[in-house]
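Position 60 of the sequence shown, counted from 1, bears residue number 60 in UniProt numbering, the numbering being contiguous throughout. Notes follow once the structure below has been shown.
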Amino acid sequence: MSDSVNVAIIYYSSTGNVHALAQAAVEGAEKAGAQVRLRRVAETAPPEAVNSRQEWAQHLQDTADIALASHDDLTWADVVLFGTPTRFGNPASQLRAFIETTGPLWFEGKLAGKVYSAFAASNTAHGGQESTILALANTFYHWGGVIVPPGYTDPVQFQAGNPYGTSHVAGEGMPGDVTLQAARHQARRAVEIAAALKAGGAA
Ligand SMILES: Cc1cc2nc3c(=O)[nH]c(=O)nc-3n(C[C@H](O)[C@H](O)[C@H](O)COP(=O)(O)O)c2cc1C
Numbered sequence: 001m002s003d004s005v006n007v008a009i010i011y012y013s014s015t016g017n018v019h020a021l022a023q024a025a026v027e028g029a030e031k032a033g034a035q036v037r038l039r040r041v042a043e044t045a046p047p048e049a050v051n052s053r054q055e056w057a058q059h060l061q062d063t064a065d066i067a068l069a070s071h072d073d074l075t076w077a078d079v080v081l082f083g084t085p086t087r088f089g090n091p092a093s094q095l096r097a098f099i100e101t102t103g104p105l106w107f108e109g110k111l112a113g114k115v116y117s118a119f120a121a122s123n124t125a126h127g128g129q130e131s132t133i134l135a136l137a138n139t140f141y142h143w144g145g146v147i148v149p150p151g152y153t154d155p156v157q158f159q160a161g162n163p164y165g166t167s168h169v170a171g172e173g174m175p176g177d178v179t180l181q182a183a184r185h186q187a188r189r190a191v192e193i194a195a196a197l198k199a200g201g202a203a
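Right, dumping it as structure tokens:
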């Protein structure tokens, strides 16, 4: 049922945590039978900022082969999953910069009717993961999207614990099995809902 669902996973990551969640989301969406595009947004920080942290510069170098997100990715997708680090309780400006190029698509109604979901990482457990995900949802409302959160729709959610979207405490190290499984589940669920919407003729 879900093999005709197109999924764009669009993320920003400075030091790899959100990238790891995005990779897991790719796995979940592909396992659900979707066509998947993994896309990063452009780094907008100046080189001196990036190079001030070795792990930031290294991650940027390691992911240089991942294509940059484009408007075509958004129009192509039935499902868009956004991933971002928390920045003072909000999405990273790099991801916002991409989102704020989408005015023409929004104006033409091309962002409406898609399934949207989001995931995040912050340094601490109460450092703003939920506010970051909810802040992205503000945009999904403007776009006329269908917001599909993971809720508690899989046993892993009772371990991962965030019904708003997969989230990770980067201060505890890179995402572990439970968090990665939650990201796979979130993507799978988004694909299944999108497939049902398409089968039902939703626009
Ligand atoms: C400018 C800035 C603001 C940040 N704000 C927060 C914050 O509000 N709460 C928090 O827990 N972590 C905060 N962090 C830490 C990042 O969220 C964390 O390093 C990030 O989620 C790691 O993800 P990444 O490896 O994908 O870059 C901030 C980091 C920077 C650079």
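Backbone N, C-alpha and C fix where the C-beta goes; we use that ideal spot for every residue, glycine too. Just so we're clear, the structure is a prediction, and the values are computed from it rather than from any experiment.
Start-to-end residues for the beta strand (DSSP E) that takes in residue i
{"i": "residue 6", "result": "6-11"}
{"i": "residue 81", "result": "79-87"}
{"i": "residue 38", "result": "35-40"}
Where the alpha helix (DSSP H) through residue i begins and ends
{"i": "residue 71", "result": "71-76"}
{"i": "residue 189", "result": "177-199"}
{"i": "residue 96", "result": "93-99"}
{"i": "residue 155", "result": "155-160"}
{"i": "residue 55", "result": "54-62"}
{"i": "residue 30", "result": "17-31"}
{"i": "residue 138", "result": "129-143"}
{"i": "residue 173", "result": "From DSSP, residue 173 is part of no alpha helix (DSSP H); its letter is neither H nor E."}
{"i": "residue 105", "result": "103-107"}
Spatial neighbours of residue i in its chain, beta-carbon cut-off 6 Å, leaving aside the 5 residues before and after
{"i": "residue 35", "result": "6"}
{"i": "residue 28", "result": "184, 187, 188"}
{"i": "residue 82", "result": "10, 118, 136"}
{"i": "residue 123", "result": "170, 171"}
{"i": "residue 88", "result": "none"}
{"i": "residue 182", "result": "156, 160, 166"}
{"i": "residue 125", "result": "169"}
{"i": "residue 131", "result": "89"}
{"i": "residue 25", "result": "9, 81, 183, 187"}
{"i": "residue 162", "result": "none"}
Per DSSP, cross-strand counterpart(s) of residue i
{"i": "residue 168", "result": "121"}
{"i": "residue 116", "result": "80, 147"}
{"i": "residue 51", "result": "DSSP lists no partner for residue 51."}
{"i": "residue 68", "result": "40"}
Beta-carbon contacts of residue i that lie in its chain and below 7 Å, excluding the five residues immediately before and after
{"i": "residue 178", "result": "156, 159, 160"}
{"i": "residue 194", "result": "5, 78, 79, 115"}
Sequence-distant residues of its chain with Cβ nearer than 8 Å to residue i (five each side left out)
{"i": "residue 59", "result": "13, 14, 15, 16, 19"}
{"i": "residue 41", "result": "10, 11, 12, 68, 69, 94, 95, 97, 98"}
Short CB-CB distance (under 8 Å) between residue i and chain C
{"i": "residue 140", "result": "Absent from the structure: chain C. Only one protein chain is present."}
Checklist entry - Would you call the region 113-131 and the region 39-52 touching, i.e. three or more CB-CB distances under 8 Å? => result no
Item to check | Cβ contact (3+ pairs, closer than 8 Å) linking the region 140-148 and the region 168-175 | outcome: no
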